[in-house]
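**Student:** Under the UniProt record's numbering, the sequence shown has 120 at position 120, and the numbering climbs by one with no breaks. We put the beta carbon where it would ideally sit given N, CA and C, even for glycine. From a predicted model like this one, the values you see are computed outputs, not experimental measurements.
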Amino acid sequence: MKFAYKFSNLLGAVYRQGNLSFAKDGNAVISPVGNRISIFDLKNNTSVTLPVCTAKNITCVGISPNGNVAIVVDEDGAALLVSLITRAILHHFHFHKPVNSIRFSPDGRKFVVTKENVALMYHAPGKQREFNAFVLDKSYHGPYDETTCIDWTDDSKCFVVGSKDMSTWVFGAERWMNLTYYTLGGHKDIIVGCFFEKDSLDLYTVSQDGVLCVWESDAELDSLVLKNKPDKPKMPRKDEDEEEEERGEEVQEGEVIRGKAQKSKSDKKTKKVQYKQISKHFFNKERDFTNLTAAAYHKPTHILVTGFSSGIFHLHELPEVNLIHSLSISDQKIASVALNCSGDWIAFGCSGMGQLLVWEWQSESYVFKQQGHFNNLASLAYSPDGQYIATGGDDGKVKIWNTNSCLCFVTFTEHTSSVTNVAFTSSGFVVVSASLDGTVRAFDLHRYRNFRTFTSPRPAQFSTLAVDTSGELVSAGAQDSFEIFLWSMQTGRLLEILGGHEGPVSCLCFSPVQSILASSSWDRTIRLWDMMDSWQVKETLHLTTDALSVTYRPDGQELAVATLNGEISFWNPNTAAQVSSVAGCHDLEMGRKESDKVTAKQLSKAKCFTSLCYSADGDSILSGGQSKFVCIYNVKEQMLLKKFEISCNLSFDAMEEFLDRRKMTEFGSLALVDEGAGDKDGVSISLPGVKRGDMSSRHFKPEIRVSSLRFSPTGCSWAATTTEGLLIYSLDGSLVFDPYDLDLDVTPASIRKQLRHQEWAAAIVLAFRLNEKALKQEVLETVPHEQIPVVCGTLPDIYVEKLLGFVAACLEKSGHLQFYMTWAQSLLMLHGQKLKNRSAAILPTLQALQKSIQRHWDNLAKLCDFNLYNIHYAVALSKQRGMKRALGQEEENSQDDDDDADDDDDDNDDDQEQSEEMNQANLEDEEMIL
Numbered sequence: 001m002k003f004a005y006k007f008s009n010l011l012g013a014v015y016r017q018g019n020l021s022f023a024k025d026g027n028a029v030i031s032p033v034g035n036r037i038s039i040f041d042l043k044n045n046t047s048v049t050l051p052v053c054t055a056k057n058i059t060c061v062g063i064s065p066n067g068n069v070a071i072v073v074d075e076d077g078a079a080l081l082v083s084l085i086t087r088a089i090l091h092h093f094h095f096h097k098p099v100n101s102i103r104f105s106p107d108g109r110k111f112v113v114t115k116e117n118v119a120l121m122y123h124a125p126g127k128q129r130e131f132n133a134f135v136l137d138k139s140y141h142g143p144y145d146e147t148t149c150i151d152w153t154d155d156s157k158c159f160v161v162g163s164k165d166m167s168t169w170v171f172g173a174e175r176w177m178n179l180t181y182y183t184l185g186g187h188k189d190i191i192v193g194c195f196f197e198k199d200s201l202d203l204y205t206v207s208q209d210g211v212l213c214v215w216e217s218d219a220e221l222d223s224l225v226l227k228n229k230p231d232k233p234k235m236p237r238k239d240e241d242e243e244e245e246e247r248g249e250e251v252q253e254g255e256v257i258r259g260k261a262q263k264s265k266s267d268k269k270t271k272k273v274q275y276k277q278i279s280k281h282f283f284n285k286e287r288d289f290t291n292l293t294a295a296a297y298h299k300p301t302h303i304l305v306t307g308f309s310s311g312i313f314h315l316h317e318l319p320e321v322n323l324i325h326s327l328s329i330s331d332q333k334i335a336s337v338a339l340n341c342s343g344d345w346i347a348f349g350c351s352g353m354g355q356l357l358v359w360e361w362q363s364e365s366y367v368f369k370q371q372g373h374f375n376n377l378a379s380l381a382y383s384p385d386g387q388y389i390a391t392g393g394d395d396g397k398v399k400i401w402n403t404n405s406c407l408c409f410v411t412f413t414e415h416t417s418s419v420t421n422v423a424f425t426s427s428g429f430v431v432v433s434a435s436l437d438g439t440v441r442a443f444d445l446h447r448y449r450n451f452r453t454f455t456s457p458r459p460a461q462f463s464t465l466a467v468d469t470s471g472e473l474v475s476a477g478a479q480d481s482f483e484i485f486l487w488s489m490q491t492g493r494l495l496e497i498l499g500g501h502e503g504p505v506s507c508l509c510f511s512p513v514q515s516i517l518a519s520s521s522w523d524r525t526i527r528l529w530d531m532m533d534s535w536q537v538k539e540t541l542h543l544t545t546d547a548l549s550v551t552y553r554p555d556g557q558e559l560a561v562a563t564l565n566g567e568i569s570f571w572n573p574n575t576a577a578q579v580s581s582v583a584g585c586h587d588l589e590m591g592r593k594e595s596d597k598v599t600a601k602q603l604s605k606a607k608c609f610t611s612l613c614y615s616a617d618g619d620s621i622l623s624g625g626q627s628k629f630v631c632i633y634n635v636k637e638q639m640l641l642k643k644f645e646i647s648c649n650l651s652f653d654a655m656e657e658f659l660d661r662r663k664m665t666e667f668g669s670l671a672l673v674d675e676g677a678g679d680k681d682g683v684s685i686s687l688p689g690v691k692r693g694d695m696s697s698r699h700f701k702p703e704i705r706v707s708s709l710r711f712s713p714t715g716c717s718w719a720a721t722t723t724e725g726l727l728i729y730s731l732d733g734s735l736v737f738d739p740y741d742l743d744l745d746v747t748p749a750s751i752r753k754q755l756r757h758q759e760w761a762a763a764i765v766l767a768f769r770l771n772e773k774a775l776k777q778e779v780l781e782t783v784p785h786e787q788i789p790v791v792c793g794t795l796p797d798i799y800v801e802k803l804l805g806f807v808a809a810c811l812e813k814s815g816h817l818q819f820y821m822t823w824a825q826s827l828l829m830l831h832g833q834k835l836k837n838r839s840a841a842i843l844p845t846l847q848a849l850q851k852s853i854q855r856h857w858d859n860l861a862k863l864c865d866f867n868l869y870n871i872h873y874a875v876a877l878s879k880q881r882g883m884k885r886a887l888g889q890e891e892e893n894s895q896d897d898d899d900d901a902d903d904d905d906d907d908n909d910d911d912q913e914q915s916e917e918m919n920q921a922n923l924e925d926e927e928m929i930l
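(1) Where does valine 256 land, buried or exposed, given buried means 16+ other C-beta within 10 angstroms?
(2) Measure from the alpha carbon of glutamate 567 to the alpha carbon of each residue in Gly624, Val537, Met532, then state which is nearest.
(3) Considering only residues of the same chain and omitting the five flanking positions on each side of aspartate 344, which have a CB-CB separation below 7 Å?
(4) Apart from the five residues just before and just after leucine 292, which ones in its own chain have a Cβ nearer than 6 Å to its Cβ?
(5) Under the three-state reduction of DSSP, which class applies to isoleucine 728: helix, strand or coil?
(6) Among the residues of its own chain, which have a CB less than 6 Å from the CB of asparagine 450, if the five just before and after it don't count?
(7) Would you mind reading off the limits of the alpha helix (DSSP H) that contains phenylalanine 652?
(8) Taking a contact to mean a Cβ-Cβ separation below 8 Å, would you say cysteine 631 touches glycine 584 in this structure?
(9) Nearest to isoleucine 526 by CA position, among Leu548, Gln514, Ile190, Thr168, is which residue?
(10) Pop quiz: aspartate 199 and methionine 166 are said to be a contact at Cβ under 8 Å. What is the actual Cβ separation, rounded to whole angstroms?
(11) If we ignore side chains and look at the alpha-carbon of each, how far apart do alanine 460 and valine 505 end up?
(12) Out of Thr425, Tyr204, Gly254, which one is the CA nearest neighbour of valine 321?
(13) Do you know how far the Cα of arginine 524 is from the Cα of histidine 542?
(14) Can you tell which of Tyr388, Met664, Leu775, Asn404 has the C-alpha that lies nearest to the C-alpha of threonine 425?
(15) Unbroken beta strand (DSSP E) runs of length 3 or more, entirely within the region 159–237: which are they?
(16) Below 8 Å, can you find three or more Cβ-Cβ pairs linking the region 820–829 to the region 768–777?
(17) For proline 796, count neighbouring C-beta atoms within 10 Å of its own C-beta (all shown protein chains included) and say buried if the count is 16 or more, exposed if not.
(18) By DSSP's criteria, residue 936 is part of a beta bridge. Which residues make up the other side?
(19) What are the start and end residues of the alpha helix (DSSP H) that includes residue 988?
(20) Expressed to the nearest angstrom, what Euclidean distance is found between the alpha-carbon atoms of methionine 590 and glycine 311?
(21) For cysteine 864, does the count of other Cβ atoms within 10 angstroms reach 16, so buried, or fall short, so exposed?
(22) Alpha carbon to alpha carbon, what distance is there between serine 826 and tryptophan 760?
(23) Whole angstroms is fine: what's the gap from glutamate 812's alpha carbon to lysine 851's?
(24) Just how far apart, CA to CA, sit threonine 747 and alanine 767?
(25) Which residues bound the beta strand (DSSP E) around cysteine 608?
(26) By the 10 Å Cβ neighbour count, where 16 or more other Cβ atoms means buried, how is valine 513 classified, buried or exposed?
(27) According to DSSP, is methionine 639 part of a helix, a strand, or is it coil?
(28) Once you ignore the five residues that flank arginine 258 on each side, which residues in its own chain have a CB closer than 6 Å to its CB?
(29) Return the chain-ordered ranges of every alpha helix (DSSP H) run that is complete within the region 22–69 and spans a minimum of 4 residues.
(30) When DSSP labels each residue in this structure, what does valine 736 get in the three-state scheme?
(31) Could you check where the beta strand (DSSP E) with alanine 547 kicks off and where it finishes?
(32) Quick one: Cα of valine 474 to Cα of asparagine 870, how far?
(33) With isoleucine 30 and serine 101 assumed to form a contact (beta carbons below 8 Å), what rounded beta-carbon distance in angstroms separates them?
(34) Tell me the DSSP secondary structure of asparagine 421 in three-state form.
(35) Within the region 348–378, note down every full beta strand (DSSP E) run reaching 3 residues or more, in order along the chain.
(36) Could you tell me the alpha carbon to alpha carbon distance between arginine 553 and lysine 642, rounded to whole angstroms?
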């Protein structure tokens, strides 16, 4: 149970070769990655790799119209029928030849497979269980060269096949009287794509030289007439066994339709379907040196997408062939193009760089943009909370991956040569990387920038790296000058150069509890440097062979060293004495390369481990090297606990134990024959000096190897950087029933009875003895929140750790944050001293709890900041409006005062006029009296 790790996901590569496909709803891209299938959910921004794999690299994938099943075919023609719902293999089949393309009919009843110059139509697997899920219906012969592409009409009556002989063939899915086959010419290069128009027999054909031909049919789909089958003469009845044998032969061979068959007399009475070329168009006229490499057509919107070898793609609207827009997305050729059901998103796969892009053409923006390491991965590091993984590769890039979404969210490209090692600081917000370009760089995960660059006085190639627990000291070892360099993270200054090794420094590791640096070298020594005492050598451990890797146990009381003879030795750093050792050269089981003259058994004696990692409790150690196996050893018992086979892909070299005698000729092995570049732009063997293979192409077989291994801080998973990519193995405890101290009285009924009696502690103990997740969650959420401290205080010690681990797991996915945080706080406060005494054993649980809390903290911090900003904005807006209202009121009051003053002035004027009139009247009266 402790090491029941299973393959979980594949990171570090998103596309290799083959055709891309969209899911039925159009929200996910299905991409072949080596011999596995990865599904990228564009809505939820997550990725998952199916736990099924083929024997060799996948070349084509066919998805059923309902999106439930997929047919996956590898380079040799071996096919798997895979359920996309249960992710299980339903059927195995072998086409015995390499398959070029595969396509289901729109009604889902049949599918067509093209291999060599033949098109084979099979009955699609149905709902009923069959002994042979693939039943051959018809074989179509006609093209002289290999077939390249397929397309169906909307009603599944006909399909069209393109070929390398520059011809296009239209075949009938049934025996139609007026259409058995039809040949179209007009091209001068290989046919890349052929597409039917919606609800029509009209055709578009695209060739590699960038030519589009538009073909018009003189008949409609409804005018196809089914040919009556001739009545067979009655034969004498045979035995049932003979009838079953004949049926089996018919099912296996199927009906054969040849393109050059003679026409029967009955066919002359019916008018045959005819095609004519109505127009011809040329793409990319200004770039004569580029080839059209991929094409896709969306029938409802009449959008044609064409990709070229220069990384440019065009969008045209048919049948007018109006250019919508043209864009360059890469400097490598576009190997595959696919459109989703709505026609809004276009997926592009570039095998040269290992890129997968999803482009929304209407808004002209990227929906999804991922690129793996297109060279070998060299190292990896987990962040302290286990949320992120940093990887460095031979392409000089440092990528940061999210363990929840399994996608890369930032890439640093400052290094100009291979990255040899990466490490996180204790805070988890800084990534440090060493490279062969002579620099050590520190990257900030807040602002995504390179804020420190550490260099040496003389140019040096750094092969290893270590950061101390405080995050203040950064050390790097040089493989050419045999020196160790120490820098300060705060100032970026070089503190000291440690000399003394007489060979290249292979590995560095800081003690987790002391200021001691352990360095391993090819000079057969391990040196312990005291960082507190003027960086002097504290101890020197002498080995019998070259040291390749060194690592400390989490408590700092033991040191593990991997040596060139395939052994892992364990040392006490305080006494400088060897405690024990494990001989693991036979556990690696190295395969035999095709060019080797020595057997695999003899080769395994020279193999060794190159990477070591302790588990969180220090009881076991994870080791890997130049092999396809990863081993877990028990340190105390010195025995092998489990072996994991990281790959079964025969496209890699050194996978098979014995050579295939069918590949041996009188001139030697066929693997050593240089077949030339051909169509694949490569040769079957690597050039002199090429050590590591290209992850994006498989033209020369790269050797399978494990370069780095790390346990997750939570202990629930471990990761390995391999030639295949970054593999994640994790524990899947969802379907595992593991009771603890179970007896007849422990039943769900007795647990619910304790809940009714409000015996909370007893109910929790019984639920954890039964160890059923749903029941444990039900019991925990039934306890009133005010009773949580009381229940935690009365729990037995043995159940405290179990309850804390379960709370950490529930807190990661549950929405009852305060409730489970109260449980965690009460357990840690009441049982903190007891848990401290078992810190090594409980470390994975505490790290899982910290990871869950940190994830919720990040999410809530963003939400609270956003809400706080909105509140501030609303308050400022209300204040502004209040001020406007106040100003308006003052203006109104002042206006009223002005109006009152004007009225008073008017009244005074009126009174003055009246007094003047009275005076005038009095004067007139006095004049009359006089």
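**Tutor:** In terms of the structure at hand:
(1) By 1-based counting over the sequence shown, the position of residue 256 is 256. With fewer than 16 other Cβ atoms within 10 Å, it is exposed.
(2) For this step, residue 567 is matched to residue 567 along the sequence shown. That would be Gly624, whose Cα lies nearest to the Cα of glutamate 567.
(3) For the purposes of this step, residue 344 is identified with residue 344 of the sequence shown, where counting begins at 1. If we look at aspartate 344 and ignore the five residues flanking it on each side, its Cβ neighbours are Glu360, Gln362.
(4) The residue given as residue 292 occupies position 292 in the sequence shown. The answer, listed in chain order, is Val192, Gln208, Gly210, Thr306, Phe308.
(5) Position 728 of the sequence shown, counting from 1, holds the residue named residue 728. Here isoleucine 728 sits in strand by DSSP.
(6) Here residue 450 refers to the residue found at position 450 when the sequence shown is read from its first residue. These residues qualify, in order along the chain: Glu414, Arg441, Phe443.
(7) Reading the sequence shown from its first residue, position 652 is the one you call residue 652. Note, phenylalanine 652: premise wrong, no alpha helix (DSSP H); not H, not E.
(8) Working through the sequence shown from its first residue, we reach residue 631 at position 631. Working through the sequence shown from its first residue, we reach residue 584 at position 584. Yes.
(9) Indexing the sequence shown from 1 puts residue 526 at position 526. Minimum Cα distance to isoleucine 526 is reached at Leu548.
(10) As a working note, residue 199 is residue 199 in the sequence shown. As a working note, residue 166 is residue 166 in the sequence shown. Incorrect: roughly 28 Å between the Cβ atoms, too far for contact.
(11) Taking the first residue of the sequence shown as position 1, residue 460 is located at position 460. Taking the first residue of the sequence shown as position 1, residue 505 is located at position 505. When rounded, the distance between both Cα atoms is 12 Å.
(12) Sequence index remark: in the sequence shown, residue 321 carries index 321 (1-based). Here the closest residue by C-alpha is Tyr204.
(13) Here residue 542 refers to the residue found at position 542 when the sequence shown is read from its first residue. Here residue 524 refers to the residue found at position 524 when the sequence shown is read from its first residue. Taking the straight line from one Cα to the other gives about 6 Å.
(14) What you label residue 425 is simply residue 425 of the sequence shown in a count that begins at 1. Ranking the options by Cα distance to threonine 425, first place goes to Tyr388.
(15) 168–172, 181–184, 191–196, 203–207, 211–217
(16) no
(17) As a working mapping, residue 796 is identified with position 796 in the sequence shown. Label assigned to proline 796: exposed.
(18) The structure shown does not extend to residue 936, since the chain spans only 1 to 930, so no value can be given for it.
(19) Nothing can be reported for residue 988, as the shown portion of the chain is limited to 1 through 930.
(20) By 1-based counting over the sequence shown, the position of residue 590 is 590. By 1-based counting over the sequence shown, the position of residue 311 is 311. Straight-line Cα distance between these residues: approximately 39 Å.
(21) Working through the sequence shown from its first residue, we reach residue 864 at position 864. When all chains shown are included, cysteine 864 counts as exposed.
(22) Along the sequence shown, one-based indexing puts residue 760 at 760. Along the sequence shown, one-based indexing puts residue 826 at 826. For tryptophan 760 and serine 826, the distance between alpha carbons rounds to 15 Å.
(23) As a first step, residue 812 must be located in the sequence shown, where it is residue number 812. As a first step, residue 851 must be located in the sequence shown, where it is residue number 851. One C-alpha to the other measures close to 8 Å.
(24) As a first step, residue 747 is located in the sequence shown; it is residue number 747 there, counting from the start. As a first step, residue 767 is located in the sequence shown; it is residue number 767 there, counting from the start. Cα to Cα, threonine 747 sits roughly 8 Å from alanine 767.
(25) Taking the sequence shown and counting its residues from 1, one reaches residue 608 at position 608. Where cysteine 608 is concerned, there is no enclosing beta strand (DSSP E), given that its DSSP letter is neither H nor E.
(26) Within the sequence shown, numbered from 1, the residue matching residue 513 stands at position 513. By the neighbour-count rule (16 or more Cβ atoms within 10 Å), valine 513 is not buried but exposed.
(27) Mapped onto the sequence shown, residue 639 falls at position 639. In this structure, methionine 639 counts as strand in the three-state DSSP scheme.
(28) Taking the sequence shown and counting its residues from 1, the one referred to as residue 258 is at position 258. The answer, listed in chain order, is His141.
(29) none
(30) Position 736 of the sequence shown, counting from 1, holds the residue named residue 736. Model confidence at valine 736 stands at a pLDDT of 44, short of 50, so the residue's coordinates are unreliable and nothing is read from them.
(31) Counting from one through the sequence shown, the residue named residue 547 turns up at place 547. 547–552 is the span of the beta strand (DSSP E), which, as asked, contains alanine 547.
(32) For the purposes of this step, residue 474 is identified with residue 474 of the sequence shown, where counting begins at 1. For the purposes of this step, residue 870 is identified with residue 870 of the sequence shown, where counting begins at 1. Going from the Cα of valine 474 to the Cα of asparagine 870 covers about 42 Å.
(33) For the purposes of this step, residue 30 is taken as residue 30 along the sequence shown, with counting starting at 1. For the purposes of this step, residue 101 is taken as residue 101 along the sequence shown, with counting starting at 1. Wrong, their Cβ atoms sit about 15 Å apart, outside the cutoff.
(34) If you number the sequence shown from 1, residue 421 lands on position 421. Of the three classes helix, strand and coil, the one that applies to asparagine 421 here is strand, per DSSP.
(35) 355–360, 365–371
(36) Here residue 553 is taken as the residue at index 553 of the sequence shown, counted from 1. Here residue 642 is taken as the residue at index 642 of the sequence shown, counted from 1. Cα-Cα distance, rounded: 20 Å.
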